[in-house]
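Protein chains in written order, with the working numbering: chain S, 1 to 783; chain B, 784 to 978. Each residue gets a CB set at the ideal place from its N, CA and C atoms; glycine is no exception. Small disclaimer: the values here were computed from a predicted structure and weren't measured. The structure appears right after this line, and notes come after that.
Quick look at the structure:
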């Protein structure tokens, strides 16, 4: 086919752009990190917390639960698994309650007990307190457990080691069955695996998960027991989420492409037109992905999943061109020229709609906005400049007059539904206005793609293993570790008060594992000199049956503690306590954070009162659930505001382009109806909306405006009614397929947007038809 | 003289007047074990004296021992403090403070305790095979005054528990002596309690 000069230029530019896009895409990075769909955290403390949750030590823990067998069999499996996994280099530590690897911990606590224990004060070593300690030691020695406590009593008569161990295990820790951790009801045998790789390295996490699974399968066969294994933890969830996002993105993109291609084939009945029709789509997707890659640096998997919607929308332009051009045109360009104004206005309204996404404070949503804007503009430009050059002269889609006329008649019938539709809309508006409870739900739970049972299991296993549920935290900020630890110690004093008063159940603090150097020096100063201590000891021992030299080891150890160097973080290396300590602090170049998790907070107001003396710019009490909900609420309110502005902007755009406010309102009326009806349907299905439904509503306006514009212009221009009607319905159906498929995604972000727009697009078409004046004359003529 | 010593003396003296209660030549370890195995349950009052290198004086405790064949052994201490130790199969439970402090563990986890308590239990149950698996056994004495000396085979355990010596009269145990590797020892005297 002869290609005009302009056409050749257009083709050349287009191919060049495609090559650029291909290069960008090949070099782009793809991620599946859900935190892109968390609102950007405003305060540094919250930022540190999110960072810690993403790549901190806690993110490396995988909780393993073995179930569905006798407790004794589960314990055996547990021990066998642990033995096998301890030789695997993927894991930094495997803990299941067995003493393996605890020697370093015990050694650390024993060696530094007088620096670690907060009971070490001058009075602790004076006669009255010494006497009490000695009596308790005697009781321990003479009890049935005495055999095991003998050596400790000689070196540590004041019982610091036992005191420290109890504080560090939270006075309980997981229950033991046959020497390994088990849930209290015996249903689960428990293990804690710590991966060497950080939580955000999902490939390494995936390898660790499969190593755990295969170790389990191996020991199960070895021991010959049937049992089941549950794995939970941040790494597990990230990998699952990544797999879900990947699967959804692939699945929906493929399904959308397939269905849309079939539909186009059914309508065009020509492979050539089908291929040409898919060109704008392909270009649009390529343009969208490259734009995101260039702008953001990496492309999120959810954005690719969202690409399915672009397939449904970008194909509309080709549909309009192919169907509405046709028998009457000599070539594509004249058909294009007639179509262009309406098409371009439709694109502009969509772009305005997606801009609201682009301007949002969710990095993930901004990506979706960039993707869609770039994609749509790319698709429409290809339709405008490239397709006409490629279309054969005298192309026409034939044989569609019949079905087109049928569709036109059906659409016309909808005009008769105007009254009931208007009434329904009125009723819905009234119900919405009368609704007392909020339309919106702002909590995080609804946004995670992990199934609820798994989230609950995580909570339960965490509770059994004694890891506190991270909801209430005291966050302490300082310039460096020493200043921070000192500040934490002053906070801890008040927290002890709160605990004693029953305001909180307990708490964890990094100073339990590594006191500040100031505190250590104070304790060293409080330890008595050897002569003094010996004298006090002799007096305290006076009528107790201990031999005079019984505590020589103790005397030696105290003197050594007095003289030794204070300990720092390096002293913790090789112990499990190091993990505990590291999970409670965040060290940044010029900032140091400590996070003190609180257990069982029964009265936040009372807690605030107790902590009042220390609360300030450096010390804050956070309720995570509350904080995140507050964040979402703020962003949602902002989003409502932006959506309103976006809608107003679209109306203004229409008014300006159509050169009449009245015409603009005529276009907007069916959209308003569709929005009301869509909201009502969504609320009927699930009783509340999230911020992502709001995003979907804006897209309904953007997408629906295309149909409304055609109806406003009049379908029957140039006697093209059947073709135009067919093109509208086909375009509508492809859009519905693209968005509607997403409604089935297990990712809440995508399913919210998908179901909203899927329903809304269909309703827009129906409402536009119902409100279309042109059907009045048709009906009159048929009457 | 306190009641325990009196009874112990009585038992020992009674032997003097009954020289031929059993046929000496048929009495050996297997005979003892068979006789012990036939006892399905027993109850005895005990007085225990423990000697520690750390302490000037021995520590005395008193209480009741219950045995139920083949693997239930309960030690209820009444003096100086109320305490309880229960062995059921492989499970050892230590209770103090009127049940408020409780610790439960698998005996297989604590080899030293397993040697002590396990050795005593195996003797009461007449399990020769179990005993010879874990201990070197030396047996002496006639039926009314037999003496079983158990030395742990495992060297690591032997360092902590050197010898376990059990004294008895036919199917009744009279005393248990434990000598620990570091020289500390304990002596528990028992009197059968018919009640």
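Less than 9 Å separating the beta-carbons of residue i and residue j?
i                      : j                      : result
residue 192 of chain S : residue 544 of chain S : no
residue 648 of chain S : residue 696 of chain S : no
residue 432 of chain S : residue 388 of chain S : no
residue 756 of chain B : residue 922 of chain B : This structure leaves residue 756 of chain B out entirely; chain B is present only between 784 and 978.
residue 555 of chain S : residue 579 of chain S : no
residue 818 of chain S : residue 365 of chain S : Given a span of 1 to 783 for chain S in the structure shown, any question on residue 818 of chain S remains unanswerable.
residue 602 of chain S : residue 506 of chain S : no
residue 739 of chain S : residue 412 of chain S : no
residue 715 of chain S : residue 323 of chain S : no
residue 227 of chain S : residue 361 of chain S : no
residue 567 of chain S : residue 618 of chain S : no
residue 59 of chain S  : residue 234 of chain S : yes
residue 884 of chain B : residue 876 of chain B : no
residue 733 of chain S : residue 306 of chain S : no
residue 92 of chain S  : residue 196 of chain S : yes
residue 850 of chain B : residue 825 of chain B : yes
residue 155 of chain S : residue 553 of chain S : yes
residue 753 of chain S : residue 599 of chain S : no
residue 20 of chain S  : residue 290 of chain S : yes
residue 854 of chain B : residue 904 of chain B : yes
residue 969 of chain B : residue 833 of chain B : yes
residue 860 of chain B : residue 881 of chain B : no
residue 237 of chain S : residue 25 of chain S  : no
Enumerate in chain order the residues of its own chain whose CB-to-CB distance from residue i is below 7 Å, with the five nearest sequence positions on each side excluded.
i                      : result
residue 232 of chain S : 63, 454, 457, 458, 461
residue 700 of chain S : 674, 675, 678, 756, 757, 760, 761, 764
residue 153 of chain S : 137, 140, 141
residue 539 of chain S : 127
residue 414 of chain S : 766, 769, 770
residue 863 of chain B : 844
For residue i, which residues from the same chain have a beta carbon less than 8 Å from its beta carbon, with the 5 sequence-adjacent residues on both sides left out?
i                      : result
residue 8 of chain S   : 389
residue 176 of chain S : 97, 182
residue 108 of chain S : 571, 572, 575, 577
residue 239 of chain S : 202, 205, 206, 209
residue 11 of chain S  : 3, 386, 389, 390
Which residues of chain A have a Cβ atom closer than 8 Å to the Cβ of residue i, listed in chain order?
i                      : result
residue 176 of chain S : Considering every chain present, this structure includes no chain A. Its protein chains are S and B.
Am I right that residue i and residue j are in contact with their C-beta atoms under 8 Å? What's the rounded C-beta distance?
i                      : j                      : result
residue 287 of chain S : residue 378 of chain S : 3 Å
residue 310 of chain S : residue 350 of chain S : The pair is not a contact, with the Cβ atoms about 11 Å apart (cut-off 8 Å).
residue 584 of chain S : residue 508 of chain S : 6 Å
residue 823 of chain B : residue 852 of chain B : 5 Å
residue 359 of chain S : residue 318 of chain S : Not quite, the Cβ-Cβ distance comes to about 30 Å (not below 8 Å), so this is no contact.
residue 478 of chain S : residue 487 of chain S : 6 Å
residue 735 of chain S : residue 313 of chain S : 5 Å
residue 708 of chain S : residue 670 of chain S : 5 Å
residue 827 of chain B : residue 975 of chain B : 5 Å
residue 546 of chain S : residue 134 of chain S : 7 Å
residue 704 of chain S : residue 352 of chain S : Their Cβ separation, rounded to whole angstroms, is 13 Å, which puts residue 704 of chain S and residue 352 of chain S out of contact at 8 Å.
Per DSSP, which residues does residue i bridge with? Please list them.
i                      : result
residue 31 of chain S  : S:300
residue 616 of chain S : S:619
residue 862 of chain B : B:845
residue 850 of chain B : B:825, B:856
residue 180 of chain S : S:177
residue 757 of chain S : According to DSSP, residue 757 of chain S bridges with nothing at all.
residue 981 of chain B : It is not possible to answer for residue 981 of chain B, since the shown part of chain B is limited to 784 through 978.
residue 189 of chain S : S:66, S:182
residue 923 of chain B : B:930
residue 313 of chain S : Answer by DSSP bridge pairing: none, since residue 313 of chain S is not bridged.
Could you name the residues of the same chain whose beta carbon sits closer than 6 Å to that of residue i, not counting the 5 residues immediately before and after it, in chain order?
i                      : result
residue 706 of chain S : 346
residue 268 of chain S : 274, 397
For the segment 265 to 278 of chain S and the segment 481 to 497 of chain S, state whether three or more C-beta atom pairs, one from each stretch, are separated by less than 8 Å.
no
Pair every Cβ in the segment 393 to 412 of chain S with every Cβ in the segment 652 to 659 of chain S, then say whether three or more of these pairs are closer than 8 Å.
no
How about the segment 813 to 821 of chain B and the segment 901 to 916 of chain B: do they share at least three Cβ pairs that are nearer than 8 Å?
yes
I'd like to know if the segment 146 to 161 of chain S and the segment 109 to 128 of chain S are in contact, where contact means that at least 3 CB-CB pairs between them fall below 8 Å.
yes
Within the chosen definition, does the segment 960 to 967 of chain B reach the segment 939 to 951 of chain B through at least 3 CB pairs nearer than 8 Å?
yes
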